[in-house]
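This note's numbering puts the first residue of the sequence shown at 34, with every later residue one more than the last.
Think of the CB as a built atom: it goes at the ideal place given N, C-alpha and C, for glycine as much as any other residue.
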Amino acid sequence: MRHGRTEPWQPRRTTWWGAATCSPILRVPRPEEALAKAELAHKITKLIERRRLTQAQAANILDVDQPKGSALRCGRLSGFSLDRLVRFVVLLGHDVEIVVKKRSRPGVPARLWVLLSRMWPDWRRAVQIVTPGTVVHWHRRGFALYWRWKSRPRRAGRPAMAVDIRVLIRQMHAANPLWGAPRMHGELRKLGE
34 MRHGRTEPWQ PRRTTWWGAA TCSPILRVPR PEEALAKAEL AHKITKLIER
84 RRLTQAQAAN ILDVDQPKGS ALRCGRLSGF SLDRLVRFVV LLGHDVEIVV
134 KKRSRPGVPA RLWVLLSRMW PDWRRAVQIV TPGTVVHWHR RGFALYWRWK
184 SRPRRAGRPA MAVDIRVLIR QMHAANPLWG APRMHGELRK LGE
């Protein structure tokens, strides 16, 4: 807030998932109604944002107090019925069109969850719900570990020689002090044949 002027109502960025896939997992009562309410609340928030209304102005137009307007903006929809949300859209100057269509069959992910829950009834204990940022953190940490392993320091220099070969070279040098490295190498190669 600057100089007594209230800022435009900023909506929370929210992604709404399909009710048909969420209801078996989250145990949402009446998932179709919850999805419809969520979509209507999202539209109402977008309309308020588009008109650049403050929270007080929006609450005045919708004929609710500011805490109710804030609850609507934050997605706490338990105190709102579908009829009331539709009335809010009309109060904001828009028409509501209801479309009835045939329900689509559940896709592969829904069937997978059903099959998984039948084969492994206690699967919910193994599931951990995380944010996308956590998954990105895990991937970055995994790549860092992989590249640290890939570029780990190895033994530098020439590979180690067996102890008995070193002893043999010292004996040859003691017996023939005038032989250089090329001659000794040649003699050692003759031994290997």
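Going straight from the alpha carbon of residue i to that of residue j, what length do you get?
i    : j    : result
M205 : M217 : 8 Å
V133 : E66  : 14 Å
P192 : G175 : 31 Å
I58  : T164 : Here the model assigns I58 a pLDDT of 49, short of 50, so the residue's position is not dependable, and the following value carries that caveat. Cα-Cα distance, rounded: 17 Å.
V147 : R188 : 53 Å
R35  : H170 : Low local confidence applies: a pLDDT of 45 at R35 is under 50, so the model's placement there is unreliable, with the coordinate-based value given in what follows. Cα-Cα distance, rounded: 37 Å.
K183 : A177 : 10 Å
V129 : R84  : 18 Å
I198 : K223 : 14 Å
P210 : E220 : 14 Å
So, using beta-carbon positions, are residue i and residue j closer together than 7 Å?
i    : j    : result
A74  : L110 : yes
F121 : L95  : yes
I81  : A69  : no
Starting from residue i, follow the alpha helix (DSSP H) in both directions and report where the run begins and ends.
i    : result
P215 : A214 to G225
G112 : No alpha helix (DSSP H) contains G112, which DSSP labels as neither H nor E.
W153 : Neither: W153 is in no alpha helix (DSSP H) and is coded neither H nor E.
Q90  : Q88 to L95
R188 : Run containing R188: none; DSSP gives neither H nor E here.
Q204 : V196 to A208
R158 : Unbroken run through R158: none, as it is neither H nor E.
H172 : P165 to K183
K135 : Looking at the DSSP string, K135 is not in any alpha helix (DSSP H), and its letter there is neither H nor E.
R83  : P64 to R83
Below 8 Å CB to CB, which residues in the same chain sit around residue i once its five sequence neighbours on both sides are set aside?
i    : result
G112 : K101 and A104
D98  : A92
Excluding the 5 residues flanking residue i on each side, which residues of the same chain have their C-beta closer than 7 Å to its C-beta?
i    : result
P215 : none
Item to check | contact_flag[the segment 101 to 121, the segment 76 to 90] where n(CB pairs < 8 Å) is 3 or more | outcome: Under the 8 Å Cβ criterion, the segment 101 to 121 counts as touching the segment 76 to 90, having at least three qualifying pairs.
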